[in-house]
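**Student:** Shown below is the structure under consideration.
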Amino acid sequence: MTRDVVDNKSKDSVEVDPQEEYGDETVVVRAGPTGPGGDDEERIPDSLPVLPLREVVVFPGTVMPLRIERKRVQRLLDNALAGNRMVCAVPQRFSDMEHPKLDDLYRVGTACKILKLMRTDDGAETIIVHGICRVGLVSIAQEQPFLVADVQSRTDEITFTPEVEALMHSVRQNARRAIELSPNVPDEAIDVLESVPAPGGLADFLAANLSLELVLKQELLETFDVTDRLNKVNTAIARQVEVLEISQQIQTQVRHQMDESQREYYLREQLKAIQQELGQADNRNADVDRYKVRVAEAKMPEDVRKEADRELKRLGVIPQASPEYSNALDYLEWLCTLPWNTSTTDRLEITPAAKILNADHYGLDKVKKRILEFLAVRKLNPEGQGPILCFTGPPGVGKTSLGRSIARALGRKFIRMSLGGVHDEADIRGHRRTYIGAMPGRIIQEIRKAGSNNPVFMLDEVDKIGKDFRGDPAAALLEVLDPAQNATFTDHYLEVPFDLSNVMFIATANYTGAIPGPLWDRMEVIEISGYTEREKLQIARRYLVPRRLSETGLDKKQLKFDDEALRNIISQYTREAGVRGLERKIGAVCRSRAMALVSGKRRSGRVTARSLQKDLGHPTYESEIAAREASPGVATGLAFTPVGGEILFVEATRMPGNGRLKLTGQIGDVMRESAEAAYSIIRYRGSDWGINQKLLAASDYHIHVPAGAIPKDGPSAGVAMLTSLVSTLTDQPVDPRTGMTGEITLRGTVLPVGGIREKVLAGHRAGLKRILLPQRNIRDLEELPKDVRDDIEYVPIKSIDQLIRQVFPVVGKKIKRTTKAKTKKPKGKVAAKASRRASTSGRKKS
Ligand SMILES: Nc1ncnc2c1ncn2[C@@H]1O[C@H](COP(=O)(O)OP(=O)(O)OP(=O)(O)O)[C@@H](O)[C@H]1O
Ligand SMILES: [Mg+2]
2 MTRDVVDNKS
12 KDSVEVDPQE
22 EYGDETVVVR
32 AGPTGPGGDD
42 EERIPDSLPV
52 LPLREVVVFP
62 GTVMPLRIER
72 KRVQRLLDNA
82 LAGNRMVCAV
92 PQRFSDMEHP
102 KLDDLYRVGT
112 ACKILKLMRT
122 DDGAETIIVH
132 GICRVGLVSI
142 AQEQPFLVAD
152 VQSRTDEITF
162 TPEVEALMHS
172 VRQNARRAIE
182 LSPNVPDEAI
192 DVLESVPAPG
202 GLADFLAANL
212 SLELVLKQEL
222 LETFDVTDRL
232 NKVNTAIARQ
242 VEVLEISQQI
252 QTQVRHQMDE
262 SQREYYLREQ
272 LKAIQQELGQ
282 ADNRNADVDR
292 YKVRVAEAKM
302 PEDVRKEADR
312 ELKRLGVIPQ
322 ASPEYSNALD
332 YLEWLCTLPW
342 NTSTTDRLEI
352 TPAAKILNAD
362 HYGLDKVKKR
372 ILEFLAVRKL
382 NPEGQGPILC
392 FTGPPGVGKT
402 SLGRSIARAL
412 GRKFIRMSLG
422 GVHDEADIRG
432 HRRTYIGAMP
442 GRIIQEIRKA
452 GSNNPVFMLD
462 EVDKIGKDFR
472 GDPAAALLEV
482 LDPAQNATFT
492 DHYLEVPFDL
502 SNVMFIATAN
512 YTGAIPGPLW
522 DRMEVIEISG
532 YTEREKLQIA
542 RRYLVPRRLS
552 ETGLDKKQLK
562 FDDEALRNII
572 SQYTREAGVR
582 GLERKIGAVC
592 RSRAMALVSG
602 KRRSGRVTAR
612 SLQKDLGHPT
622 YESEIAAREA
632 SPGVATGLAF
642 TPVGGEILFV
652 EATRMPGNGR
662 LKLTGQIGDV
672 MRESAEAAYS
682 IIRYRGSDWG
692 INQKLLAASD
702 YHIHVPAGAI
712 PKDGPSAGVA
722 MLTSLVSTLT
732 DQPVDPRTGM
742 TGEITLRGTV
752 LPVGGIREKV
762 LAGHRAGLKR
772 ILLPQRNIRD
782 LEELPKDVRD
792 DIEYVPIKSI
802 DQLIRQVFPV
812 VGKKIKRTTK
822 AKTKKPKGKV
832 AAKASRRAST
842 SGRKKS
């Protein structure tokens, strides 16, 4: 009995009237006033065959295609088509029911007229129905062969109140908006909307077209009250508008995003085309592949490897044209080229190493011994920590070249980094990668250049390191030179630690006083002092002459230096602690002879003392001492400067006045205080030395330390200042060949000072015959070469009375026995203090 209708969604097999198109949606192409009384007025019979519907509601006034799937509806259709073509379309409550009974159907349906039946080739049928009016199912009139029900038709009754009109207006507005927002609904639908005059018809028309659930649609069908129906439709439609609006917003957003990425894609393609045109093909993939291989081969530690992988990933995504890309490439290049695990094998045999060290440098036994010790320790304990050495000494004594020689002896790479003038911490430790043009610091740069992680690394001239607003490079060096920290030295640019613990660091300095304290503390200091004349002669003969000859392209047979000639160069053409000037002069002689040889001038193949003037001109230096005449008020002091030892002539003079003391010659505070102490001593002890107290009080004094352009400081000129004052006051000259050094206290004690070795060497160079020095410094003389010790008479002094007696024999005789006893006294406290000073004075310029 129930052949039935399914949804209207499958139109494929339906033959449609070309005039009418039934889309996927329930499209209503015609609508009119519903129910009897409208244009399509039709009398509704009291009983109608029931057409059960699945998932669809037919509203009055609408036309709808219905697909017939249940064969048993056929009979119903045949019957209807043969008669008045009227059926009652009623939705069934559950769509899966094949043969619904009355109870399985909703109790309100729509009386419909069948407009058309269409059959396709495969036998499927579709009918087109026109809803006429609502009907209520009252009772069953017939059950077989199809359901026929007694029905009661319901028509809309309405009075046009302003409320209804306002409602209709609102509904129309919302509907219009919904149509505008629905891309699938043609704009003509708006015309249809306007053409429906009846409020009930309008509600039905819209209800049919709204996408609502069956239950809701059925509810609208069952709502007989028109105002109520309009209200419900209005709510539903407003809701739909809201949904449509939101979905449109989403659409717009999506489109915008699409547009952006499309635009970028488009520009990128263009860029690629331009690059190709310019011959710069896109080689990002090539870069990534290349670095993948290199990262894998670079033997990096695990955490560095991770960093490299991260950077590789980044390289794959950053635009190739951006500066970031080349930065990433640079960074990877650094990571791949650093010798993370590449080291040279140490040559640990003592004898060959000693041979190399001796072949490069004369003397310097202390340093050479230290290096050989290091080798021995390495041999026994290969994992041991290397020393961090610091060579200090005057210029030209071979500190830098020794470092190179050590590297050669050990079979390691050699790096020399000059710290002179380094002001910026970033020079040592690099710039962070956020800076444009950032690079690793010099330490990492040099390590990469060396290509091994255990080179000999010379930090040349640590005493010249600067410090300003850009940070303190010395602080960065602390980390480098601290064995506990340098295994994880982290450069700002690399941001990953590099192990520096295998590097052998050697620092050099001229003047230890200028090395920042904490740095000094981390290093093992080895002093290299200036050379004596004899040592210089040996160095010249064995090292400098052969080296210079070969550099000039001459050989031993073409040019020979006499010892006498070399001695003359040393004493008359140079005045220095090291041998740099000497080497230069030898070079000058070689060049001069090479020139003569090339231009065909005949000169003998020997350099003698007499021929020297032809090559070097007049001697530059003469013995200062020899040229001096003894005159009252001048004393010969000894100073220790960054360029080695030096002799100083301290001058004092006296003029009528009232006891004022004037000091000149760029002297520092400590030296100034020494002068004042000397003056005070004279005031209270002067009478013992035969100084006229009246004269003393009625004079002004001026002490000058010549070579006024050079700043001088330190307490060690105290003795010389006292001597010069006594000399001018007693009118007794001091022998200029007597040099002196020592600090004085107000109590008249002479305290030990530093730099004795350099001072004595300088005195020796200058031709001193006698040197007065604090008694406690006598042991320092042991370090001196024998010739220097033999050439000079050393006089130890403990007190100023001893000093006066030694320098002014005439005055000394006058010193009373009693005062002698008095000055001998200070022993306990002062002496203890003196010894403390002595132990620290090595670092002082004195
Ligand atoms: N003991 C030595 N034997 C052989 N050559 C030496 C010796 N001492 C110095 N020289 C030579 O003197 C020259 C200068 O030495 P170097 O440059 O190493 O001096 P330095 O101590 O580093 O001076 P500075 O403090 O000015 O840097 C070099 O050519 C070096 O080979
Ligand atoms: Mg040097």
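So for the sequence shown, the numbering used here puts the first residue at 2; every next one is plus one.
The beta-carbon is built from N, C-alpha and C at its ideal position, and this holds for glycine as well.
Please read all numbers here as calculations on a predicted model, not as lab measurements.
1. Where does Arg594 land, buried or exposed, given buried means 16+ other C-beta within 10 angstroms?
2. Give the single residue among Lys537, Gln143 and Gly669 whose Cα lies nearest to the Cα of Leu583.
3. If you draw a straight line from the C-alpha of Pro519 to the C-alpha of Glu565, how long is it?
4. Going by other Cβ atoms of all chains shown within 10 Å of its Cβ, with 16 needed for buried, is Ala644 buried or exposed?
5. Can you tell me whether DSSP reads Gln93 as helix, strand or coil?
6. Between which two residues does the beta strand (DSSP E) harbouring Tyr795 extend?
7. Taking buried to mean at least 16 other C-beta atoms within 10 Å of its own C-beta, is Val28 buried or exposed?
8. How far does the alpha helix (DSSP H) with Phe641 in it extend, from its first residue to its last?
9. Using a threshold of 8 Å, is the CB atom of Arg581 nearer than that to any non-hydrogen atom of ligand 1?
10. Whole-angstrom Cβ separation of Leu411 and Ala354, contact assumed at under 8 Å?
11. For the beta strand (DSSP E) containing Gln75, list its first residue and its last residue.
12. Please report the distance separating the alpha-carbon of Thr750 from that of Gly666.
13. Look at the Cβ atom of Met505, then the Cβ atom of Gly387, and state whether they are nearer than 9 Å.
14. Within its chain, find whatever has a CB closer than 7 Å to the CB of Gly719; leave out the 5 residues flanking it on each side and keep chain order.
15. With distances taken Cα to Cα, identify the nearest neighbour of Asp781 among Ile683, Ile133 and Pro797.
16. According to DSSP, which residues form a beta bridge with Pro1?
17. Any chance you could list the alpha helix (DSSP H) runs of at least 4 consecutive residues sitting entirely within the segment 550-593, in chain order?
18. Hey, is Pro643 close to ligand 2, as in C-beta under 8 Å from one of its heavy atoms?
19. Kindly indicate which three-state DSSP category Met672 falls into: helix, strand or coil?
20. If we require 3 or more residues per run, which beta strand (DSSP E) segments fall completely within the segment 143-214?
21. Confirm the yes/no value for this check: CB of Lys814, any heavy atom of ligand 2, distance under 8 Å.
22. For ligand 2, enumerate in chain order all residues having a CB closer than 6 Å to any of its heavy atoms.
23. Who pairs with Tyr702 in a beta bridge, going by DSSP?
24. Have a look at Tyr494 and Val608 and give me their C-alpha separation to the nearest angstrom.
25. Check each candidate in Ser725, Cys113 and Val457 and name the one with the smallest Cα separation from Ala733.
26. Taking its Cβ as the centre, do 16 or more other Cβ atoms sit within 10 Å of Ser632, making it buried, or is it exposed?
27. Suppose the cutoff is 6 Å on Cβ atoms and the five residues either side in sequence are ignored; what does the same chain contact list for Met656 look like?
28. For a cutoff of 9 Å on Cβ pairs, would you count Gly202 as touching chain B?
29. Are there 16 or more other CB atoms within 10 angstroms of the CB of His619, so buried, or fewer, so exposed?
30. What residue from Gly472, Arg434 and Phe415 has the CA that sits closest to Ala497's CA?
31. For the segment 285-354, list the alpha helix (DSSP H) runs that are entirely contained and at least 4 residues long, ordered along the chain.
32. Taking 8 Å as the cut-off, is the C-beta of Glu584 nearer than that to any heavy atom in ligand 1?
33. Whose C-beta lies closer than 8 Å to the C-beta of Gln219 among residues of the same chain, with five residues either side of it excluded?
34. Check whether the Cβ atoms of Thr601 and Leu560 sit closer than 9 Å, and answer yes or no.
35. Specify whether the segment 734-741 and the segment 768-785 touch according to this definition: at least 3 beta carbon pairs, one from each stretch, less than 8 Å apart.
36. Exposed or buried, Thr819, counting other C-beta atoms within 10 Å across all chains shown (16 or more means buried)?
**Tutor:** According to the structure data:
1. Taking the first residue of the sequence shown as 1, we reach residue 594 at position 593. Burial call: buried.
2. Here residue 583 refers to the residue found at position 582 when the sequence shown is read from its first residue. Nearest to Leu583 by alpha-carbon distance, out of Lys537, Gln143 and Gly669, is Lys537.
3. One-based indexing of the sequence shown puts residue 519 at position 518. One-based indexing of the sequence shown puts residue 565 at position 564. Answer to the nearest angstrom: the Cα atoms are 47 Å apart.
4. By one-based count along the sequence shown, residue 644 stands at place 643. A quick correction: the sequence has Val, not Ala, at residue 644. It counts as buried.
5. By 1-based counting over the sequence shown, the position of residue 93 is 92. When secondary structure is reduced to three states using DSSP, Gln93 falls in the strand class.
6. Here the question's residue 795 lines up with position 794 in the sequence shown. Glu794 to Ile798 is the span of the beta strand (DSSP E), which, as asked, contains Tyr795.
7. Working through the sequence shown from its first residue, we reach residue 28 at position 27. Here Val28 scores only 37 on pLDDT, less than 50, and its place in the model is too uncertain to base an answer on.
8. Position 640 of the sequence shown, counted from the first residue, corresponds to residue 641. Here Phe641 belongs to no alpha helix (DSSP H); instead the beta strand (DSSP E) covers Val635 to Thr642.
9. As a position in the sequence shown, residue 581 is number 580, starting the count at 1. Yes; taking the cut-off as 8 Å, the Cβ of Arg581 has a heavy atom of ligand 1 nearer than that.
10. Taking the first residue of the sequence shown as position 1, residue 411 is located at position 410. Taking the first residue of the sequence shown as position 1, residue 354 is located at position 353. That belief holds up - the Cβ atoms of Leu411 and Ala354 are roughly 7 Å apart, short of 8 Å.
11. On the sequence shown, residue 75 is found 74 positions in, with the first residue counted as 1. No beta strand (DSSP E) holds Gln75; the alpha helix (DSSP H) holding it covers Val74 to Ala83.
12. Sequence index remark: in the sequence shown, residue 750 carries index 749 (1-based). Sequence index remark: in the sequence shown, residue 666 carries index 665 (1-based). Taking C-alpha positions only, Thr750 is separated from Gly666 by approximately 26 Å.
13. One-based indexing of the sequence shown puts residue 505 at position 504. One-based indexing of the sequence shown puts residue 387 at position 386. In this structure, Gly387 lies closer than 9 Å to Met505 by Cβ.
14. Position 718 of the sequence shown holds residue 719. For Gly719, where only same-chain residues beyond five positions count, the Cβ hits under 7 Å are Ser675, Ala678, Ala679, Gly743, Glu744 and Ile745.
15. Locating residue 781 in the sequence shown gives position 780, where the first residue counts as 1. The residue from Ile683, Ile133 and Pro797 with its alpha-carbon nearest to that of Asp781 is Pro797.
16. Residue 1 is absent from the structure shown; the chain starts at 2 and stops at 847.
17. Fully enclosed alpha helix (DSSP H) runs of no fewer than 4 residues occupy 564-569 of the segment 550-593, in order along the chain.
18. Looking up residue 643 in the sequence shown gives position 642. Pro643 Cβ: outside cutoff for every heavy atom of ligand 2.
19. Within the sequence shown, residue 672 is the residue found at index 671, counting from 1. In the structure shown, Met672 adopts helical secondary structure according to DSSP, grouped into three states.
20. As far as the segment 143-214 is concerned, its whole beta strand (DSSP E) runs of at least 3 residues are 149-155.
21. Start at 1 with the first residue of the sequence shown, and residue 814 comes out as number 813. If you check the C-beta of Lys814 against ligand 2, you find no heavy atom less than 8 Å away.
22. That query returns the following residues: Lys400, Thr401, Asp461 and Thr509.
23. Position 701 of the sequence shown, counting from 1, holds the residue named residue 702. Looking at the DSSP output, Tyr702 shares a beta bridge with Arg655 and Leu662.
24. By 1-based counting over the sequence shown, the position of residue 494 is 493. By 1-based counting over the sequence shown, the position of residue 608 is 607. Going by the C-alpha atoms only, they are around 56 Å apart.
25. For the purposes of this step, residue 733 is taken as the residue at position 732 of the sequence shown. The residue asked about is misnamed: residue 733 is Gln in this sequence, not Ala. In terms of Cα proximity to Gln733, the closest of Ser725, Cys113 and Val457 is Ser725.
26. Sequence index remark: in the sequence shown, residue 632 carries index 631 (1-based). Within 10 angstroms of the beta-carbon of Ser632 lie fewer than 16 other beta-carbons, which makes it exposed.
27. By one-based count along the sequence shown, residue 656 stands at place 655. Once the five neighbours on either side are set aside, the close Cβ partners of Met656 are Asp701.
28. Looking at the structure shown, chain B is missing, and only one protein chain is on hand.
29. Locating residue 619 in the sequence shown gives position 618, counting from the first residue. Here His619 is exposed, its C-beta having fewer than 16 other C-beta atoms within 10 Å.
30. Here residue 497 is taken as the residue at index 496 of the sequence shown, counted from 1. Note on identity: in this sequence residue 497 is Val, with Ala being the wrong assignment. Relative to the Cα of Val497, the nearest Cα in the group Gly472, Arg434 and Phe415 belongs to Arg434.
31. You should have 285-298, 303-318 and 324-338.
32. Sequence index remark: in the sequence shown, residue 584 carries index 583 (1-based). Result yes, Cβ under 8 Å from ligand 1.
33. On the sequence shown, position 218 is the one that residue 219 refers to. Cβ within range, chain order: Val58, Pro92, Tyr107 and Val109.
34. On the sequence shown, residue 601 is found 600 positions in, with the first residue counted as 1. On the sequence shown, residue 560 is found 559 positions in, with the first residue counted as 1. The residue you asked about is not Thr; residue 601 is Gly in the sequence shown. Their beta carbons are not under 9 Å apart, which means Gly601 does not touch Leu560 by this criterion.
35. In short, these stretches touch, since the Cβ pair count reaches three.
36. If you number the sequence shown from 1, residue 819 lands on position 818. Low confidence applies here, because Thr819 scores a pLDDT of 44, under 50, leaving its location unreliable; read the following figure in that light. With fewer than 16 other Cβ atoms within 10 Å, it is exposed.
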